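K.L.:
In this note's numbering, the protein residues as written are 29 to 123.
Beta carbons are placed, not taken as given, at the ideal position from N, Cα and C, and that holds for glycine.
On a predicted model such as this, the values are computed, not experimentally measured, just so you know.
Shown next, in the form of structure tokens:
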């Protein structure tokens, strides 16, 4: 099953860890372009970092309504969580 993550570049390692395809977008203005680019992978599910949606919430909701498939899920990916998670994974691989 194809799953795509749309998030800032700092989440590339997290996406690779879970074998997700990643389309990077660093801000809300790049999000709509990233969503269209994600469709090239023919995904069943697209995860989108909530921090990107803040600026263009209305446009994002309209996009989800116009494109019901694939499923588009908003994910709260705080920087603190991802950094601590990746650090923990590194420690487990080393130790």
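Would you tell me roughly how many angstroms separate the C-alpha atoms of residue 72 and residue 101, rounded to the nearest one?
P.N.:
Translated into positions along the chain shown, residue 72 becomes position 44. Translated into positions along the chain shown, residue 101 becomes position 73. Those two C-alpha atoms are separated by around 11 Å.
K.L.:
Smallest Cα separation from residue 68: which of 37, 104, 35, 98?
P.N.:
Indexing the chain shown from 1 puts residue 68 at position 40. Nearest C-alpha to residue 68: 98.
K.L.:
Nearest-angstrom Cα distance between residue 123 and residue 76?
P.N.:
Within the chain shown, numbered from 1, the residue matching residue 123 stands at position 95. Within the chain shown, numbered from 1, the residue matching residue 76 stands at position 48. At residue 123 the pLDDT is 47, less than 50, meaning the model places this residue with poor confidence; the figure from the coordinates comes in the next sentence. Cα to Cα, the separation comes out at about 32 Å.
K.L.:
Specify the secondary structure class of residue 88 as computed by DSSP and reduced to three states.
P.N.:
Your numbering for residue 88 matches position 60 in the chain shown. Residue state, collapsed to three classes: helix.
K.L.:
Going residue by residue through the region 29 to 57, where are the continuous alpha helix (DSSP H) segments of at least 4 residues, counting only ones entirely within it?
P.N.:
Those alpha helix (DSSP H) runs which fall completely within the region 29 to 57 and span 4+ residues are 40 to 45.
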